[in-house]
Amino acid sequence: MRSTLSLASKRLLGLILFFITSTFVLFYSPAEAVLPVKGQCSLCHTMHNSQNGSTMVYAGTGASWNGSDQLAGGTDNSPQPSLLNTSCVGCHSSDSGSTIVTIGVTRIPIVYNTGGYPANPLAGGNFYNVSRGGSENDKYGHNVHGISGEDANISPSGPGAPGTLPPPGVNPTCMQQCHGTLAAGGATFFGGNGCEGCHLRNYGVRHHQSPSWYRFLRGHSFNTLRRVDGVPDPTGNYEQNPGAGHNEYKGVDDATTYTYGDGSLNATQSITDFCSGCHANFHEEMDGASSTWLRHPSDMLLPETGEFAGYDPTASYNNLAPVAYLNPAAPVRSEAVVMCLSCHRAHASNYQDSLRWDYLTCSPGSANPNCGCFVCHSDKD
Ligand code: HEC
Ligand code: HEC
Ligand code: HEC
Ligand code: HEC
Ligand code: HEC
Ligand code: HEC
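For the sequence shown, the working numbering assigns the number 732 to the last residue and increments by one with no breaks.
If you want it as structure tokens, here you go:
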């Protein structure tokens, strides 16, 4: 049939295909609002790691943007990949309280404020607390290379009975291969550790593009489907002020097994599936044979009845307990999904277990207005 199409109808078909493709590209390029990086090459790159005879790289512990918008500190001044003048950690750190460092047209999102927990952290939270060291501070979230040592409570070399190795909930068959810790230096099988344990440099990190995936989050393969989808805060401020604009996340209604090995991310593109790449059992062991929950549900539709009828996140968004959607580009209440980030911050937070709020003060009738459990379980307060 195809060969009998006239030239005109072929052109028409081409035009239609073009529109479908460009709509697809537009739809799946949500990061376009903020990426690619802008500004002078010299702000971020150094051609020879030398200027007036001095090294130009500021990396290693303590490297950050200072109050005068200069890179400073850090004990490692060895050349970096892509002729960069600093590391992932260095460029995304500040020694002031600001969480978006603005230098001319360049805007750098800050995930680690070296001087204290910032007043306006970005969506992922902030790594400040885990930088302080010690078993108490390690509880605030992910310990990553360049910011903290291994978690004193949950690390391959720390305490914990055999078989309870990190990450908590890990599928034991892949623990050795993937990320027993994000705090070790050097490369892993997949090209990096620390930040790059999640934002895989080889597969996901593309500062000079508008990649068709969310926040440089992908699985470890070049399969274009193995990505996380989402719609970034349209203000371009990474939820620095969630009231003004917020992210939308991709979720699915699926209680089956998620592991990196079976490439389930290819099918789901969900943020919960991404977390499950390392914390697999927290999703796959949610549900017993009946409707009894063994682990709190994630990637499950938020019912519209009972106590859940009290929360419509499309009408009154609440940053204490955000939800994902089957289609994050067109959120509707009936497609709202509980996800890992309904309760957690991705990086680390000001509360233990990287939670979005202080769980230790969550109790019925308590005066804690910031307990996320009550946002969904509206009749338990
Ligand atoms: C705000 C910081 C920033 C600025 C400004 C910047 N870059 Fe980059 N560039 C990066 C980062 C970070 C990478 C790391 C690798 C990646 O994300 O692909 C990179 C990677 C690269 C790469 C290798 C990867 C690729 O995409 O080809 C080249 C080449 C490059 N930059 C050239 C430039 C040039 C030329 C300029 C000036 C027009 C410039 N950069 C401005 C941050 C910057
Ligand atoms: C445990 C996995 C993980 C690690 C480790 C990690 N990230 Fe992220 N990062 C994420 C996720 C997931 C998001 C999206 C958070 C959201 O939208 O709620 C994100 C978001 C971001 C953002 C956008 C700002 C924000 O807060 O949403 C930046 C910038 C970033 N990460 C940089 C880094 C850097 C630099 C490091 C290392 C210091 C790092 N990340 C380590 C998972 C990780
Ligand atoms: C020299 C500075 C520099 C370095 C080094 C750097 N980044 Fe970035 N990064 C930026 C800037 C600037 C942006 C914001 C780009 C924009 O939207 O304008 C950014 C954005 C991001 C984002 C958010 C992407 C999104 O979708 O909005 C993530 C995640 C991130 N970087 C992770 C990393 C990781 C991981 C590394 C190391 C492999 C790294 N960065 C190295 C400057 C840097
Ligand atoms: C690349 C592997 C990896 C991914 C992906 C990952 N984590 Fe983790 N996570 C770890 C490791 C390793 C630990 C234990 C060491 C630590 O706490 O730093 C951990 C610990 C945690 C902790 C406990 C923190 C503490 O110190 O008590 C929470 C909560 C957590 N992760 C949530 C998440 C969420 C939510 C996501 C998805 C946004 C996620 N993780 C994605 C590897 C990962
Ligand atoms: C309904 C809220 C909620 C959701 C959804 C949720 N968590 Fe948690 N998570 C918690 C709380 C609260 C804790 C503190 C420990 C506890 O009470 O079980 C915790 C603890 C953790 C820990 C630390 C466990 C340890 O041994 O220290 C990890 C890791 C973690 N969660 C990962 C995840 C991942 C991955 C997902 C998504 C599959 C997820 N969480 C979904 C509330 C939640
Ligand atoms: C984003 C919404 C949301 C948040 C936030 C949330 N939950 Fe849930 N929770 C749910 C949903 C949905 C279910 C499953 C209800 C069902 O089975 O129909 C559930 C189930 C439960 C159950 C099991 C109930 C049963 O019948 O087996 C408990 C217990 C629970 N949640 C406690 C908590 C606690 C404690 C917190 C805070 C740490 C919390 N939840 C935060 C949505 C949420």
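Built from N, CA and C at the ideal position, the CB exists for glycine as well.
For clarity, every value in this text was computed on a predicted model and none was experimentally measured.
In the pairwise beta carbon analysis, the region 663–677 is classified as not touching the region 451–465: fewer than three pairs are separated by under 8 Å.
Beta bridge pairing from DSSP links P460 with I451. In the three-state scheme derived from DSSP, where H, G and I count as helix and E and B as strand, D732 is classed as coil. For V726, the uninterrupted alpha helix (DSSP H) segment begins and ends at 724–727. S444 and H728 have their alpha carbons spaced roughly 37 Å apart. Shortest gap from the CB of C546 to any heavy atom of ligand 6: 6 Å or more. Buried is the label assigned to C629, since at least 16 other Cβ atoms lie within 10 Å of its Cβ.
Between the beta-carbon of F625 and that of L576 there is about 13 Å, and that puts the pair past the 8 Å contact cut. In the displayed model, L692 falls within a helix according to three-state DSSP.
Residue environment analysis places E590 among the buried positions, since at least 16 neighbouring C-beta atoms fall within 10 angstroms of its C-beta. Put simply, the backbone Cα of P715 is about 14 Å away from that of E658.
Of the candidates R557, L551, G536, R557 places its Cα closest to the Cα of P387. For K601, the pairing in a beta bridge is given by DSSP as Y676. Apart from the 5 residues on each side of it in sequence, P682 sits with its Cβ closer than 7 Å to the Cβ of E599, T665, Y676 in its chain, given in chain order.
Near ligand 1, residues with a Cβ at less than 6 Å from any of the ligand's heavy atoms are V388, G390, Q391, C392, L394, C395, H396, S433, L435, T457, V556, R557, H558, H559; the list follows chain order. For L551, the CB stays at least 6 Å from every heavy atom of ligand 3. Residue state for D427 is assigned as strand, using DSSP reduced to three classes.
A Cβ-Cβ distance of about 11 Å is found for the pair A414 and Q431, leaving them out of contact under the 8 Å criterion. Here W708 is buried. Its C-beta has 16 or more other C-beta atoms within 10 Å. With 16 or more other Cβ atoms from the protein chains shown falling within 10 Å of its own Cβ, N488 counts as buried. The three-state secondary structure of Q402, taken from DSSP, is strand.
With respect to the 7 Å criterion, P517 and I505 are classified as neighbours on the basis of their beta carbons. Here F573 is exposed: its Cβ has fewer than 16 other Cβ atoms, across all protein chains shown, within 10 Å. Here the region 420–435 makes no contact with the region 644–664; the two share fewer than three CB pairs at distances below 8 Å. Under a 10 Å Cβ-count criterion, V456 is classified as exposed, with fewer than 16 other Cβ atoms of the shown protein chains found around its own Cβ. DSSP places S444 in the strand class (E or B) of the three-state scheme.
Nearest to P585 by alpha-carbon distance, out of V495, K601, H550, A680, is A680.
The residue among P593, H550, G448 with its C-alpha nearest the C-alpha of V579 is H550. Excluding its 5 nearest sequence neighbours in each direction, D446 has C-beta neighbours in its own chain below 6 Å: S415, N417, T465, G466, listed in chain order.
At least one heavy atom of ligand 3 lies closer than 6 Å to the C-beta of V385. The beta carbon of K490 sits closer than 6 Å to those of Q703, all from its chain and outside the five residues before and after it, given in chain order.
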